[in-house]
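Structure, as structure tokens:
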Amino acid sequence: MSLTKGDKSASKYNQEPENNDDTEINQTRPTTAASDPKSKWLPAHSDYVAGINTVETCIELVDLYAEGSVNLVIADFGNILLVPKLQAKLKVFKGFSLLKENNLSDLPCAVVACYTDNL
Numbered sequence: 001m002s003l004t005k006g007d008k009s010a011s012k013y014n015q016e017p018e019n020n021d022d023t024e025i026n027q028t029r030p031t032t033a034a035s036d037p038k039s040k041w042l043p044a045h046s047d048y049v050a051g052i053n054t055v056e057t058c059i060e061l062v063d064l065y066a067e068g069s070v071n072l073v074i075a076d077f078g079n080i081l082l083v084p085k086l087q088a089k090l091k092v093f094k095g096f097s098l099l100k101e102n103n104l105s106d107l108p109c110a111v112v113a114c115y116t117d118n119l
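Per full-length UniProt numbering, the sequence shown starts with residue 1, numbered consecutively.
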């Protein structure tokens, strides 16, 4: 069977797929504060060297001091695999710096902000 120039229907199935690696990577790449300047999240959220072990329900962005800035509150489980004893801590970050760190008596299941000024 010979193909002519006008017969494009058969030739389109024989073509190799185009290399769309750049568009595929851009579609699957998560947005971070580095790529989105209006984002309130720190770029360190995917940093494996940061040493914070938590789940998504134990992360909260809160205006703790009613000053208009957002603080990151994390319930850190600690390194449970290396140290078998409980070492959970409640950590408060402002920007990239750690403001406060408190020991927790048990593993938390979530972190919730509750404003009591309006009660």
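Idealized CB from N, CA, C, for every residue including glycine. A quick note: this is a predicted structure, and the numbers were derived from the prediction, not measured.
(request) Return the CA-CA distance between residue 76 and residue 115, expressed in angstroms with no decimal places. (result) Numbered from 1 along the sequence shown, position 76 holds the residue referred to as residue 76. Numbered from 1 along the sequence shown, position 115 holds the residue referred to as residue 115. About 22 Å.
(message) Can you tell me which residues form a DSSP beta bridge with residue 59?
(response) Working through the sequence shown from its first residue, we reach residue 59 at position 59. Beta-bridge pairing links residue 59 to 74.
(message) With a threshold of 8 Å on Cβ separation, who are the neighbours of residue 54 within its own chain once the five nearest residues in sequence on each side are excluded?
(response) One-based indexing of the sequence shown puts residue 54 at position 54. Same-chain partners within the cutoff: 74, 75, 76 and 77.
(message) Short of 6 Å in beta carbon distance, which residues of its chain neighbour residue 60, apart from the five on each side in sequence? Order them along the chain.
(response) Working through the sequence shown from its first residue, we reach residue 60 at position 60. Counting only Cβ-Cβ distances below 6 Å, and skipping sequence neighbours, we find 73, 111 and 113.
(request) Rank 88, 95 and 93 by C-alpha distance to the C-alpha of residue 104 and give the top, closest one. (result) Within the sequence shown, residue 104 is the residue found at index 104, counting from 1. Selected option, being the one with the closest Cα: 88.
(message) Taking the beta carbon of residue 58 as the centre, do at least 16 other beta carbons fall within 10 Å, making it buried, or is it exposed?
(response) Indexing the sequence shown from 1 puts residue 58 at position 58. Looking at its Cβ environment, which holds 16 or more other Cβ atoms inside 10 Å, residue 58 is buried.
(request) Could you tell me which residues DSSP puts in a beta bridge with residue 98? (result) As a first step, residue 98 is located in the sequence shown; it is residue number 98 there, counting from the start. 93, per the DSSP bridge assignment.
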